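Under our numbering, the first residue of the sequence shown carries the number 19, and numbering increases by one thereafter. Here the structure is laid out as structure tokens; the discussion comes afterwards.
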Amino acid sequence: MVGTAHRNTGVEDVEGGVGLTALLVAAARAIETHRHDSLARDVYAEHFVLATPACAGWPVRVQQVPDGDANPLWGRFARYFGLRTRVLDDFLLRSMHAGARQVVLLGAGLDSRAFRLDWPPGCVIFEIDREGVLAFKHKVLGGLSATPKAARVPIPIDLRADWVGALTDAGFDTAAPSVWLAEGLLFYLPNAAETYLIDAVDRLSTEGSALAFEVKLEKDLLAYRDSPLYTSTKHQIGIDLLTLFDREPRPDSAGNLAAKGWSTSVHTPFDFTRRHGRGPLPEQNDALAGNRWVFANKPCAAGT
Numbered sequence: 019m020v021g022t023a024h025r026n027t028g029v030e031d032v033e034g035g036v037g038l039t040a041l042l043v044a045a046a047r048a049i050e051t052h053r054h055d056s057l058a059r060d061v062y063a064e065h066f067v068l069a070t071p072a073c074a075g076w077p078v079r080v081q082q083v084p085d086g087d088a089n090p091l092w093g094r095f096a097r098y099f100g101l102r103t104r105v106l107d108d109f110l111l112r113s114m115h116a117g118a119r120q121v122v123l124l125g126a127g128l129d130s131r132a133f134r135l136d137w138p139p140g141c142v143i144f145e146i147d148r149e150g151v152l153a154f155k156h157k158v159l160g161g162l163s164a165t166p167k168a169a170r171v172p173i174p175i176d177l178r179a180d181w182v183g184a185l186t187d188a189g190f191d192t193a194a195p196s197v198w199l200a201e202g203l204l205f206y207l208p209n210a211a212e213t214y215l216i217d218a219v220d221r222l223s224t225e226g227s228a229l230a231f232e233v234k235l236e237k238d239l240l241a242y243r244d245s246p247l248y249t250s251t252k253h254q255i256g257i258d259l260l261t262l263f264d265r266e267p268r269p270d271s272a273g274n275l276a277a278k279g280w281s282t283s284v285h286t287p288f289d290f291t292r293r294h295g296r297g298p299l300p301e302q303n304d305a306l307a308g309n310r311w312v313f314a315n316k317p318c319a320a321g322t
């Protein structure tokens with residue numbers, strides 16, 4: 019059964035603002051799960067969508083979308099989230115098999131990786147997000163009698179609060195290699211919060227640790243305000259992503275990590291589309307043009 023109990027159902031925390039974007043990703047993962055050429059399977063994703071009144075009418079299969087893959091939201095954008103899920107799944111498992119035994123999901127949202135991935139023995143998954151979001155996840159997964167495949171430690175705290183203290187209090191071991199994930203998170207954080215987060219990850223990570231995160235490189239997000247991905251998301255489900263993204267100039271987080279001694283690689287999503295043979299490719303007026311997936315490793319010292 020799902021672990022820590024929470025005081026509320028959390029529905030109100032996922033029905034608006036950034037919380038609703040977690041349900042968008044869940045719907046995309048559900049659609050991806052039911053594709054014949056699925057890149058990632060998440061059997062829990064559709065249950066989050068179906069449990070939320072605000073998502074009534076949202077598809078959980080591409081066959082439920084009248085124009086199918088031609089739909090910018092439930093076709094191309096949903097496939098993007100499916101590809102991202104697969105790439106980050108692979109990164110996490112690869113890092114754990116390389117020796118890490120702690121996973122920290124920053125802004126975990128409705129991520130069900132603790133339940134659906136085959137983790138090596140002895141792994142601990144720390145999930146950090148707002149109390150209401152984790153409570154909603156707890157309620158839905160508890161109703162399914164879902165069982166995590168690794169030790170799971172929910173940490174109900176806003177990332178604008180002292181999440182570092184909450185993480186260490188929950189048993190995170192700064193002396194053990196860890197793998198960190200900030201999936202679809204940094205878009206929403208102010209510049210200073212992103213810088214603090216990256217610095218904190220560096221400070222808490224010992225040699226052999228790894229980190230993956232997603233950033234946008236555009237200097238002006240509004241340059242793509244008429245992109246089909248943004249307009250279709252707003253018109254079809256009422257989420258105006260451009261009002262949720264922080265529009266301050268972004269820090270060079272990949273460069274900051276490199277300056278601290280991490281090895282980093284920066285990729286476009288299209289790199290992985292080509293690698294896997296499916297997913298979005300570049301197009302005109304493309305809201306994905308500035309998206310980058312960053313992978314970083316903190317090397318072990320020579321001779322260790």
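Ideal Cβ placement from N, Cα and C applies to all residues, glycine included. Being a predicted model, the structure only gives us computed values, none of them experimental.
Beta-carbon proximity of residue i to residue j, cut-off 8 Å
i, j, result
"Gly226", "Ala118", "yes"
"Tyr62", "Leu124", "no"
"Lys155", "Leu185", "no"
"Leu222", "Thr192", "yes"
"Phe346", "Tyr206", "Any answer about residue 346 is impossible in this case: the structure gives the chain only from 19 up to 322."
"Arg134", "Asp60", "yes"
"Asp338", "Asn309", "In the structure as shown, the chain begins at 19 and stops at 322. Residue 338 is therefore absent and cannot be evaluated."
"Arg268", "Val233", "yes"
"Val151", "Gly35", "no"
"Ile257", "Thr39", "yes"
"Thr282", "Ala272", "yes"
"Ala211", "Leu177", "yes"
"Leu260", "Leu247", "no"
Integer Cβ distance of residue i from residue j, believed to fall under 8 Å
i, j, result
"Ala169", "Ile143", "7 Å"
"Trp311", "Ala230", "7 Å"
"His115", "Pro138", "6 Å"
"Leu57", "Glu50", "6 Å"
"Asp220", "Lys278", "5 Å"
Reference residue i; option with closest CA among the options
i, options, result
"Arg47", "Phe95, Asp85, Ala72", "Phe95"
"Ser228", "Ala188, Trp280, Pro298", "In the sequence under discussion, the amino acid at residue 228 is Ala, which differs from the Ser named in the question. Selected option, being the one with the closest Cα: Trp280."
"Asp289", "Trp76, Leu101, Arg148", "Leu101"
"Phe99", "Trp198, Gly189, Val122, Gly297", "Gly297"
"Ile175", "Arg104, Glu149, His54", "Glu149"
"Ala314", "Ile216, Ala307, Thr165", "Ile216"
"Ala218", "Val233, Glu232, Ala200", "Ala200"
"Ala153", "Pro172, Val80, His294, Ser196", "Pro172"
"Ala45", "His294, Arg79, Leu57, Val36", "Arg79"
"Lys167", "Lys278, Val121, Asp187", "Val121"
"Leu299", "Arg97, Cys141, Thr261", "Arg97"
"Ala241", "Thr291, Ala305, Ala210", "Ala305"
"Cys141", "Cys73, Gly183, Pro195", "Pro195"
"Gly202", "Ala126, Gly75, Asp238, Asn209", "Ala126"
"Thr333", "Phe190, Trp198, Ser130", "Here the chain comprises residues numbered 19 to 322, so residue 333 is not present and cannot be evaluated."
"Lys157", "Val32, Pro317, Val284", "Val32"
"Pro317", "Arg53, Ala307, Thr224, Ala74", "Thr224"
"Arg53", "Cys73, Pro77, Val284", "Pro77"
"Asp270", "Glu236, Val197, Gly295", "Glu236"
"Asp55", "His294, Ala307, Ala319, Glu301", "His294"
"Leu162", "Glu64, Thr291, Arg292, Ala319", "Glu64"
Host beta strand (DSSP E) of residue i (start-end)
i, result
"Pro174", "169-174"
"Asp187", "From DSSP, Asp187 is part of no beta strand (DSSP E) but of the alpha helix (DSSP H) over 181-187."
"His285", "281-285"
"Leu123", "120-124"
"Phe313", "309-315"
"Asp264", "Run containing Asp264: none; DSSP gives neither H nor E here."
"Ser196", "196-200"
"Ala230", "228-234"
Delimiting residues of the alpha helix (DSSP H) encompassing residue i
i, result
"Asn209", "209-222"
"Lys157", "149-161"
"Lys252", "246-255"
"Ser271", "271-277"
"Ala40", "35-51"
"Val78", "Looking at the DSSP string, Val78 is not in any alpha helix (DSSP H), and its letter there is neither H nor E."
"Val67", "63-68"
"Phe205", "Per DSSP, Phe205 belongs to no alpha helix (DSSP H) and is neither H nor E."
Any non-hydrogen atom of the ligand SAM within 7 Å of residue i CB
i, result
"Ala168", "With respect to small molecules bound, the structure shown includes none, and the ligand SAM cannot be examined in it."
- request: Determine, using beta-carbon pairs with one atom in the stretch 240-260 and one in the stretch 76-93, whether at least three such pairs fall under 8 Å.
  value: yes
query: So, do the stretch 66-75 and the stretch 102-117 have three or more beta carbon pairs nearer to each other than 8 Å?
result: no
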